Each structure stands twice: as structure tokens, then as C-alpha cells.
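Trainee: Residue numbers (the working numbering): 1 to 264.
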Ligand SMILES: [Zn+2]
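(1) Check whether the Cβ of residue 158 sits closer than 7 Å to any heavy atom of ligand 1, and report yes or no.
(2) Should residue 67 be listed as close to ligand 1, given that the test is whether its C-beta is under 7 Å from any heavy atom?
(3) Check whether the region 170-181 and the region 197-217 are in contact - that is, three or more C-beta pairs closer than 8 Å.
(4) Any heavy atom of ligand 1 closer than 7 Å to the Cβ of residue 135?
(5) Under the criterion of a Cβ to heavy atom distance below 7 Å, does residue 140 qualify as lining ligand 1?
(6) Taking DSSP as the reference, what is the three-state secondary structure of residue 43?
(7) Could you spell out where the beta strand (DSSP E) holding residue 28 opens and where it closes?
(8) What's the gap between the Cα of residue 61 and the Cα of residue 230?
(9) Considering only the alpha carbon of each residue, which of 256, 129, 161 lies closest to residue 29?
(10) Taking C-beta to C-beta, are residue 42 and residue 73 nearer than 8 Å?
(11) Whose CA, out of 10, 257, 253, lies closest to the CA of residue 220?
(12) What is the DSSP secondary structure of residue 265, counted as helix, strand or coil?
(13) Cβ of residue 66 within 8 Å of Cβ of residue 105?
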């Protein structure tokens, strides 16, 4: 596992070409595991570090949102409280019966559902750290971020992503832009998206620019008569000049264009 701060570690795996993390945060009284990847086995390094470091701390699992690459390893923590935004359990269940072929089958161990949920914000005060779970819709209806006020660090889930975000909440653009503007107010130095490297706050502006410009450009093309599959607009047009987009994110970008076309 990679140590990001005095009490923050991440375990990174490859999920179909997307680098994807689970994080461990230790506060004086609690141990937070943030996201559980795609199979219970993926969580072995996190369980080992917990055994080494967590001691008597109370363990909590946080699901940043319902998508399979964030919750399918939940069964690695039998009997542990799982915390999520209020819409998450329903969306995990709906995902389990989806006809969408891009969603893999659930692991044989099943996917235990979050039993502790909240609406806008849930705060764990644990001096000298304070852990805020903040509802940040846009990528999905149930998205949350984990804000460590003491460490000035944000675990962003898929609310922020590098090199570009994935559109996944139908008609979510406006609420996502509102979310990003709220995130800019948080006193953070380091942002760790679920997919991508640890970065500074510039990631928020980069994602906001990408989202707003994709919708603008796709709307203009559609008005000019472009069909859903005629949208040839490379991702580089919406990103800073030095950003490299690999094949996986080029495909994600193409999916975003079609997703936006359906809404504008
Ligand atoms: Zn997601």
C-alpha cells in the first residue's frame, strides 16, 4: 500500500484499464476503509494493514457510491458497519438486477449493503482529525466525498477524476457543476480521486471545464444536425495541453459525448 499522509494509505489495482483505489484512514478512535474495489480478495492488503495498525479502533467501511468497482468487495468485512449516502443501498440493489452488460456479475460472496446512511453530511469528530462525509451528486445520485479536515485531504470517489470524469448520472450536469463549486470552498491541499493520481485543487477546475465544455460543444453540434455517433471531438480539445489521454479514457470520453448528446 502507498502511504499518502501520516494516517492515510491507498491500495491501487487495475480495473479494466482504470487505476482504482481503496483507502485506509486511521483516526485516534476509528479506522475508515473507503471503497472495497471489485472482489473481496482485492481487499487483502487493506485487511493486512488493518491487522498491523488498527489496534482497538472501531472499523467502518465507507462506500463513496454504488458503482460495482467501489462496493463489490464489501463482503471482505463481515459484520462491519458500512456507511453511505441514503440513495446508495437502493442503487446497489438496482445495479444487481441491471441488464447493462458493462456491469460484471456480483461476487459469489454477495454485496452487503450499507446499514448507516445520511442525507447531506455525516461528521465524525475524532481530535485532532475530523472526518466529513459530504454528499456530492453529479457523477451519481449517491456520490460522496471524504474530507479529512485535519489532514486537509479529500478522497473524492468519482466526483473528481483524472484525466477526465465519467458521466453517469442522468441529467446530472447542473448538480455536478454546483457540487464542484462547493468543493472549491473546502480547505484541502491534496485530492485523491478513486481513479487517478493524488493532485492539487486544480483538478476541480479541470473537471468543471471538461464537463461544461463537453455539454456546450455537443449541444451546438446537435443543433447543427450531428447524430449521436457523428461526434468526432478528441478529448484533448477539452483538457489542458499537456494531458495525455490513453485508450481507456479516449473510450470513456466517447461515451461521455454520446451521454451528453442524449441530454442536450
Ligand atoms: Zn463511479
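For each residue, glycine too, the CB sits at the ideal point set by N, CA and C.
In this text the structure is predicted, and so the values were computed from the model without any measurement.
Mentor: Answer, in terms of the structure:
(1) yes
(2) yes
(3) yes
(4) no
(5) yes
(6) helix
(7) Run containing residue 28: none; DSSP gives neither H nor E here.
(8) 43 Å
(9) 129
(10) yes
(11) 257
(12) The first residue shown for the chain is 1 and the last is 264, placing residue 265 beyond what the model contains.
(13) no
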